[in-house]
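For reference, the structure is listed below as structure tokens.
Chains as they are written, first to last, in our numbering: chain L, 54 to 377; chain B, 1421 to 1611.
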């Protein structure tokens, strides 16, 4: 804090123009190299300006600040801006600046002093008038020269402004092109995503549309029908899938495992399934490739998963597979 | 032959600040602010002219093929030369003409005339993003102890340090000030 406060005092002196030349030069070296320090100096100036407007600067600082204002057009502009900003934002009224006495009022005050002073001051005034005449003539000459220079400068300035405008326009155009490019990129990305999704859907649909319906059979638990009864499932040469609809007496398990014997060892590895359908007609459905089973008789065993995670036998089905 | 800056030379200057156009413009603006302050401190001549002269000389040297790896110190070096030149010139002039004190400028509130700055400020505040507008209006609301308390509360609410809040308010103020200065200039041109 102490270090910051010391820095702040140095910056303030610099801004008021009362920092010794060597220290000023050191500070300038530093702020040209250090952006953060430069911003601190700018902040310090904001505070000086606000203090001046709010009349919170001490008498000495105020006097020095006014001297700095006399030297700097920029500082005058900043003070004028800060005055409107603080008028706009402040809850309390911002004190108005002390009116500067007009030149006529100053002259009146000048002659209202004591008689001895009047004579002395009148002599000085005469000298000033003579000097002013000389000065006016000399100034006219210099003015002419400076007008010529001003004209040259104004044409150069115009050229510079034109260039700045062109640069701004080019930058705006470049920004707009960048935005357009980004939009187009986004559109392309979206289209790519849509294309991928469509291709995936297509890939899922294709096998189904390519093949004919699977060879299906609806089976009831063994023993429900007579022992001589065996359901026959005939697989046509173009049917590459088999679907078994296994009707349940009771649906008491969350999931079921289905195995097919005697072909189970090299037959389909069927994942656990859930029952579906209305309460009176609960059933499970399994589907697998038809080339996984040869023609022959099969027993389908269904096991249900108990709360402990084990599977226990539920029921079994029989069917005969014929291949054409 | 008088050398004049071209669009190409300005692009080269910006590229010497940074290859990224946005960063280059930011660095250019910061360099301008530093130079304005430097000249304002050393010479009475319009600091805007001095800054332009500094950039012109840098642009010219870069266009001539000088490779500048760190532009800011280079600009500072040019600025110091320009100050020396101006001081020499002023010394010559002061032998011929005695110095004319600069009249303190009358600010708008001293007169009864309408203040274009106020209208411009309103216009520029409208152009600010809403959160910046709220921040700047709130930041300067209070004075003294109330101000400190208010700023502490604001910093807490925004989840930033007091110093970050000061900087944020300062940057908005600078942008607002630049906008008002530009607007006042345009008003003066149309009148």
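Heads up, the beta-carbon is just placed ideally off N, CA and C, and yes, glycines get one too.
Query - Range covered by the beta strand (DSSP E) that runs through residue 341 (chain L) - result: Residue 341 (chain L) sits at position 288 when you count from the first residue of the first chain. From DSSP, the beta strand (DSSP E) with residue 341 (chain L) extends over 336 to 342.
Query raised in the report: Taking Cβ-Cβ distances below 9 Å as the criterion, which residues of the segment 1552 to 1575 of chain B are in contact with chain L?
Result: For the segment 1552 to 1575 of chain B, the set of positions with a beta-carbon nearer than 9 Å to some beta-carbon of chain L reads 1556, 1557, 1558, 1559, 1560, 1561, 1562, 1563, 1564 and 1566 in chain order.
Query raised in the report: Do residue 85 (chain L) and residue 1486 (chain B) come within 8 Å of each other at the CB atom, strictly closer than that value?
Result: As a working note, residue 1486 (chain B) is residue 66 in the second chain. As a working note, residue 85 (chain L) is residue 32 in the first chain. For residue 1486 (chain B) and residue 85 (chain L), no; Cβs fall outside 8 Å.
Query raised in the report: Does DSSP put residue 1531 (chain B) in a helix, a strand or coil?
Result: Position 111 of the second chain holds residue 1531 (chain B). Note that residue 1531 (chain B) has pLDDT 47, beneath the 50 cutoff, so the model's placement of it is unreliable and the number below is only indicative. Coil.
Report task. Taking all protein chains shown into account, decide if residue 166 (chain L) is buried (16 or more other Cβ within 10 angstroms of its Cβ) or exposed. Result -> Here residue 166 (chain L) refers to the residue found at position 113 when the first chain is read from its first residue. Confidence in residue 166 (chain L) is poor, its pLDDT being 48 and thus under 50, which makes the residue's placement unreliable; the coordinate value appears in the next sentence. When all chains shown are included, residue 166 (chain L) counts as exposed.
Query raised in the report: Cα-Cα, which of L:67, L:96 and L:290 is closest to residue 343 (chain L)?
Result: Against the first chain, residue 343 (chain L) aligns to sequence position 290. When each option's Cα is compared against that of residue 343 (chain L), the closest is L:290.
Query raised in the report: What does residue 1472 (chain B) touch in chain L if you count any residue whose Cβ is under 9 Å from its own?
Result: Numbered from its first residue, the second chain carries residue 1472 (chain B) at position 52. Listed by position along chain L, the residues whose Cβ is nearer than 9 Å to that of residue 1472 (chain B) are 209, 210 and 213.
Requested in this report: Below 8 Å between beta carbons is the criterion; list the residues of the segment 110 to 139 of chain L that meet it against any residue of chain B, in chain order.
Outcome: 119, 122, 123, 124, 125, 126, 127, 128, 129, 130, 131, 132, 133, 134, 136, 137, 138 and 139
Report task. Between the Cα of residue 1604 (chain B) and those of B:1544, B:1556 and B:1580, spot the shortest distance and give me the residue it belongs to. Result -> As a first step, residue 1604 (chain B) must be located in the second chain, where it is residue number 184. It is B:1544.
Requested in this report: Identify each residue in the segment 1423 to 1444 of chain B for which the Cβ-Cβ distance to at least one residue of chain L is less than 8 Å, and report them in chain order.
Outcome: For the segment 1423 to 1444 of chain B, which is checked against every Cβ of chain L, the residues closer than 8 Å are 1424, 1425, 1426, 1427, 1430, 1431 and 1441.
Query raised in the report: Candidates L:312, L:252 and L:282: which alpha carbon is nearest residue 345 (chain L)'s?
Result: Locating residue 345 (chain L) in the first chain gives position 292, counting from the first residue. If we check each option's Cα against that of residue 345 (chain L), L:312 comes out closest.
Report task. Give the secondary structure of residue 313 (chain L) by DSSP, where H, G and I count as helix, E and B as strand, and everything else as coil. Result -> The residue given as residue 313 (chain L) occupies position 260 in the first chain. Residue 313 (chain L) falls in the strand class under three-state DSSP.
Query raised in the report: What did DSSP end up calling residue 1465 (chain B) once you bin it into helix, strand or coil?
Result: Position 45 of the second chain, counting from 1, holds the residue named residue 1465 (chain B). Residue 1465 (chain B): coil per DSSP, three-state reduction.
Report task. Could you round the C-beta distance between residue 327 (chain L) and residue 299 (chain L) to whole angstroms and report it? I think they count as a contact, below 8 Å. Result -> What you label residue 327 (chain L) is simply residue 274 of the first chain in a count that begins at 1. What you label residue 299 (chain L) is simply residue 246 of the first chain in a count that begins at 1. In this structure residue 327 (chain L) does not touch residue 299 (chain L) by the C-beta definition: roughly 12 Å separates them, more than the 8 Å allowed.
Requested in this report: Please report the residue range of the alpha helix (DSSP H) in which residue 329 (chain L) lies.
Outcome: Your numbering for residue 329 (chain L) matches position 276 in the first chain. Segment: none, residue 329 (chain L) is in no alpha helix (DSSP H) and carries neither H nor E.
Query raised in the report: Anyone know if the C-beta pair for residue 1437 (chain B) and residue 1447 (chain B) falls short of 8 Å?
Result: The count along the second chain starts at 1 and reaches residue 1437 (chain B) at position 17. The count along the second chain starts at 1 and reaches residue 1447 (chain B) at position 27. For residue 1437 (chain B) and residue 1447 (chain B), yes; Cβs fall inside 8 Å.
Report task. Could you name the residues of the segment 1447 to 1481 of chain B whose beta carbon sits closer than 8 Å to any beta carbon of chain L, in the order they occur along the chain? Result -> Answer set for the segment 1447 to 1481 of chain B: 1450, 1453, 1454, 1456, 1457, 1458, 1460, 1461, 1464, 1466, 1467, 1469 and 1472.
Query raised in the report: Going by the CB atoms, is the gap between residue 268 (chain L) and residue 253 (chain L) shorter than 8 Å?
Result: Taking the first chain and counting its residues from 1, the one referred to as residue 253 (chain L) is at position 200. Taking the first chain and counting its residues from 1, the one referred to as residue 268 (chain L) is at position 215. No, the pair does not count as a contact, with Cβ atoms beyond the cut-off.
Requested in this report: Please report the Cβ distance between residue 1540 (chain B) and residue 1463 (chain B), rounded to the nearest whole angstrom; I am assuming they are in contact, meaning their Cβ atoms lie under 8 Å.
Outcome: Sequence index remark: in the second chain, residue 1540 (chain B) carries index 120 (1-based). Sequence index remark: in the second chain, residue 1463 (chain B) carries index 43 (1-based). Their Cβ separation, rounded to whole angstroms, is 28 Å, which puts residue 1540 (chain B) and residue 1463 (chain B) out of contact at 8 Å.
Query raised in the report: How many Å lie between residue 368 (chain L) and residue 315 (chain L) at the Cα?
Result: Here residue 368 (chain L) refers to the residue found at position 315 when the first chain is read from its first residue. Here residue 315 (chain L) refers to the residue found at position 262 when the first chain is read from its first residue. Going by the C-alpha atoms only, they are around 16 Å apart.
Query raised in the report: Within the 8 Å Cβ cut-off, does residue 1597 (chain B) reach chain L?
Result: On the second chain, position 177 is the one that residue 1597 (chain B) refers to. Yes, residue 1597 (chain B) lies at the interface with chain L (some Cβ there is under 8 Å from its Cβ).
Report task. Alpha carbon to alpha carbon, how far is residue 1496 (chain B) from residue 88 (chain L)? Give it in angstroms, no decimals. Result -> Position 35 of the first chain, counted from the first residue, corresponds to residue 88 (chain L). Position 76 of the second chain, counted from the first residue, corresponds to residue 1496 (chain B). Answer to the nearest angstrom: the Cα atoms are 13 Å apart.
**Report entry** Straight-line Cα distance separating residue 247 (chain L) from residue 407 (chain L)
**Finding:** In the structure as shown, chain L starts at 54 and stops at 377, and residue 407 (chain L) therefore has no counterpart that could be examined.
Query raised in the report: Skipping 5 residues on each side, what residues in its chain have a beta carbon closer than 8 Å to that of residue 99 (chain L)?
Result: In the first chain, counting from the first residue as 1, residue 99 (chain L) sits at position 46. Within the same chain, residue 99 (chain L) has close Cβ partners 135.
Requested in this report: Please work out which residues of its chain come closer than 6 Å, Cβ to Cβ, to residue 1499 (chain B), disregarding the five sequence neighbours upstream and downstream, and give them in chain order.
Outcome: Translated into the one-based positions of the second chain, residue 1499 (chain B) becomes position 79. 1455, 1458 and 1474, listed in sequence order.
**Report entry** Cross-chain neighbours of residue 220 (chain L) in chain B, by beta carbon under 7 Å
**Finding:** The sequence position of residue 220 (chain L) within the first chain is 167, counting from 1. Within chain B, the residues 1427 and 1430 have their CB atoms less than 7 Å from the CB of residue 220 (chain L), given in chain order.
Report task. Please classify residue 77 (chain L): does DSSP put it in a helix, a strand, or coil? Result -> In the first chain, counting from the first residue as 1, residue 77 (chain L) sits at position 24. Here residue 77 (chain L) sits in helix by DSSP.
Report task. Please compile the residues from chain B whose C-beta is within a distance smaller than 9 Å of the C-beta of residue 63 (chain L). Result -> By 1-based counting over the first chain, the position of residue 63 (chain L) is 10. In chain order: nothing, as chain B lies at least about 14 Å away.
Query raised in the report: Between residue 72 (chain L) and the rest of its own chain, which residues show a CB-CB distance below 6 Å, the 5 nearest in sequence each way excluded?
Result: Position 19 of the first chain, counted from the first residue, corresponds to residue 72 (chain L). Around residue 72 (chain L): 66.
Report task. Can you tell me which of the three DSSP states residue 1486 (chain B) falls into? Result -> Translated into the one-based positions of the second chain, residue 1486 (chain B) becomes position 66. Here residue 1486 (chain B) sits in coil by DSSP.
**Report entry** Within chain L, partners of residue 1501 (chain B) - CB distance below 7 Å
**Finding:** The residue labelled residue 1501 (chain B) in the question sits at position 81 within the second chain. Around residue 1501 (chain B), no beta-carbon contact reaches into chain L at under 7 Å, the shortest distance being about 14 Å.
Query raised in the report: Are the CB atoms of residue 1560 (chain B) and residue 101 (chain L) nearer to each other than 8 Å?
Result: Sequence index remark: in the second chain, residue 1560 (chain B) carries index 140 (1-based). Sequence index remark: in the first chain, residue 101 (chain L) carries index 48 (1-based). Not a contact, by the Cβ cut-off of 8 Å.
Report task. Say whether chain L places a C-beta atom closer than 8 Å to the C-beta of residue 1492 (chain B). Result -> Here the question's residue 1492 (chain B) lines up with position 72 in the second chain. For residue 1492 (chain B), the answer is yes, since a Cβ of chain L falls inside 8 Å of its Cβ.
**Report entry** Under 7 Å by beta carbon: chain L residues contacting residue 1581 (chain B)
**Finding:** As a position in the second chain, residue 1581 (chain B) is number 161, starting the count at 1. By Cβ distance, chain L contributes nothing, its closest Cβ being about 13 Å from residue 1581 (chain B), past 7 Å.
Query raised in the report: Can you find a CB in chain B that lies within less than 8 Å of the CB of residue 226 (chain L)?
Result: Taking the first residue of the first chain as position 1, residue 226 (chain L) is located at position 173. No, its Cβ sits nowhere closer than 8 Å to a Cβ of chain B.
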